[in-house]
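Protein chains in written order, with the UniProt record's numbering: chain A, 1 to 359; chain B, 1 to 128. Where a beta carbon is used, it is the ideal one built from N, C-alpha and C, also for glycine.
Written out as structure tokens, the structure reads:
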């Protein structure tokens, strides 16, 4: 099967990006260098083409009620024009995907899902609509999505007149507004820990925005930098910290499971459940932990596995998220990571490796 | 893709370069390799005195997102490693042909002489 292309594909190729298949799309991994791109997001602004992600719309009188039933986090209680991050679970509590639901209007919700899970999510969500007065549509191919992230994003967005103070787009809010003569959904969300926006727009507008942003100094960033950035702030990634066999509790996402909610899929299974695993944050002074490397205790017994690992651009250290068996979690909180022939002592972190500057 | 292929060196299909001085062969990674890898952030090299056979892995080079094994193209004994690279792995990006990784003492120069010429290596790169 040939790879799908986003509306900006030719622009990436012209910029000589390293392209690679991701979730069925030919996507830019990096343009200049992962280091430079990561630094741009932490200190300036980076722009990512994430048009491969999925967009579902739920409309109708029961839209909010339906989404609240689908996801584990509290959506009904969220204010209008707010975004809510949540796992999407099965009845048994295992995780189908994690997503952001945007409460655009009282009868209109946008759900943004991982590209690799679009078909799975669609099949699941569309099988659960019975009894709800809603309409569900998959608009994934109609929307381009740009993530524009970094401390100078507000300045640049104002300069290109994409936002103004009256729009009131505070952190984690989302609105459909008319900009540059067309409707666009602007959300102050992202996956980097920095202040930023995700812009859901037409394919044509994405091209215009891309060039306007680059003119103002935004740095094109690829999926490799995106992964480093999210890992530095310890955001989970589906397929790594979450998958079809893990519950949100395994990925330390208890804060997104609101068991006091009226009713939602997975409520029974997740209520009172204690995860058999613990998500740990580890760093190394020397060496780089990678997905699949074993985590050991000081007696060199394997007690878990690295689920995501990389070199952190910001700290210059190898960093990892990993899942450790809860009943083997060492009281002394001392860990090692096996890298090839060596078991290397790791630093245990209670907080994310870095604190992003998001507002 | 980068096409800096010095005439005075020999090459391998694994994108390493080699040069013979007396009975010692110095080995590093090519410009093509460093460009494909991106930012190199970690280099792991063997101990001195390690005996290597052709195709043995003698270390790894890691970019932010990838791990690549380094393979010895020839048999020999490691007589020196460039441990400076452990502190400055970015040198592999900046000066790939100045950043030798190991020096191998070889019993015979036959294996070295059988390595790829610059012309043959250029053709390999052009086809990737």
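Can you give the Cα-Cα distance for residue 197 of chain A and residue 7 of chain B, rounded to whole angstroms? 50 Å
Interface residues of chain B around residue 30 of chain A at Cβ under 7 Å? 38
Contact list for residue 310 of chain A against chain B, beta-carbon separation under 7 Å: 64 and 65
Determine whether the Cβ of residue 42 of chain B lies closer than 9 Å to any Cβ atom of chain A. yes
Proximity test, Cβ basis, 9 Å: residue 81 of chain B and chain C: Going by chain labels, chain C is absent from the structure shown, which instead holds the protein chains A and B.
Anticipated Cβ contact below 8 Å, residue 34 of chain A with residue 65 of chain B, distance rounded: Going by Cβ atoms, the distance from residue 34 of chain A to residue 65 of chain B rounds to 7 Å, so yes, they are a contact pair.
Contact set for residue 347 of chain A: own chain, Cβ-Cβ below 6 Å, skip 5 residues either direction: 283
Just to make sure I have the definition right: I need the residues of chain B whose C-beta is within less than 7 Å of the C-beta of residue 224 of chain A. Which are they? 64 and 65
Member of A:108, A:86 and A:247 whose CA lies at the smallest distance from the CA of residue 360 of chain A: Limits of chain A in this structure are 1 at one end and 359 at the other, which puts residue 360 of chain A out of reach.
Closest Cα partner of residue 48 of chain A within the set A:92, A:54 and A:144: A:144
Comparing C-alpha positions only, which one of A:317, A:338, A:320 and A:124 sits nearest to residue 296 of chain A? Per the Cα distances, A:338.
Partners in chain B for residue 290 of chain A, counting only beta-carbon separations shorter than 8 Å: Ordered by position in chain B, the residues that pass the 8 Å Cβ test against residue 290 of chain A are 67.
Which residues, in chain order, does the segment 226–251 of chain A contribute to contact with chain B at a C-beta distance below 9 Å? 227 and 228
Endpoints, beta strand (DSSP E) assigned at residue 221 of chain A: 219–221
Range covered by the alpha helix (DSSP H) that runs through residue 85 of chain A: Unbroken run through residue 85 of chain A is the beta strand (DSSP E), 83–89; no alpha helix (DSSP H).
Using a Cβ cut-off of 8 Å, pull out every chain B residue sitting near residue 396 of chain A, in sequence order please. Because chain A is modelled from 1 through 359, residue 396 of chain A falls outside the range shown and cannot be assessed.
Report the residues of the segment 276–301 of chain A with a CB closer than 9 Å to any CB of chain B, ordered along the chain. 286, 287, 288 and 290
For residue 60 of chain B and chain A, any beta-carbon pair shorter than 9 Å? yes
Quick check: what's the CA-CA separation for residue 164 of chain A versus residue 117 of chain A? 34 Å
Where residue 333 of chain A and residue 219 of chain A are concerned, what is the direct C-alpha to C-alpha distance, given to the nearest angstrom? 39 Å
Can you check whether the C-beta of residue 116 of chain A is within less than 9 Å of a C-beta belonging to chain B? no
Flag this pair as yes or no: are the beta carbons of residue 84 of chain B and residue 63 of chain B separated by less than 9 Å? no
Per DSSP, what kind of secondary structure is residue 312 of chain A in: helix, strand or coil? coil
Determine, for residue 33 of chain A, whether the minimum Cβ-Cβ distance to residues of chain B falls below 9 Å. Yes, its Cβ sits closer than 9 Å to a Cβ of chain B.
Regarding residue 110 of chain B and the ligand NAD, is the C-beta to nearest heavy atom distance less than 8 Å? The ligand NAD is not part of the structure shown, which contains no ligands of any sort.
Should residue 340 of chain A be flagged as near chain B, meaning a C-beta pair shorter than 9 Å? yes
On the criterion of 16 or more Cβ atoms from any shown chain inside 10 Å, does residue 108 of chain B qualify as buried, or is it exposed? exposed
Pick out the complete beta strand (DSSP E) segments inside the segment 46–110 of chain A, 3 residues or longer, and give them in chain order. 46–49, 54–59, 83–89 and 95–105
Could you check whether the Cβ of residue 18 of chain A sits closer than 9 Å to any Cβ belonging to chain B? Closer than 9 Å: yes.
By how many angstroms is the C-alpha of residue 303 of chain A removed from the C-alpha of residue 328 of chain A? 6 Å
Any Cβ of chain B within less than 9 Å of the Cβ of residue 322 of chain A? no
Can you tell which of B:5, B:126, B:58 and B:12 has the C-alpha that lies nearest to the C-alpha of residue 80 of chain B? B:58
Among A:274, A:259 and A:273, the one whose alpha carbon lies nearest that of residue 267 of chain A: A:259
Nearest-angstrom Cβ-Cβ length linking residue 60 of chain B and residue 44 of chain B, presumed shorter than 8 Å: 5 Å
Report all residues from its chain with a CB closer than 7 Å to the CB of residue 112 of chain B; omit the five preceding and five following residues, and keep chain order. 10, 18, 20, 25, 74 and 106
Are there three or more Cβ pairs, one per stretch, closer than 8 Å when the segment 71–85 of chain A is compared with the segment 156–176 of chain A? yes
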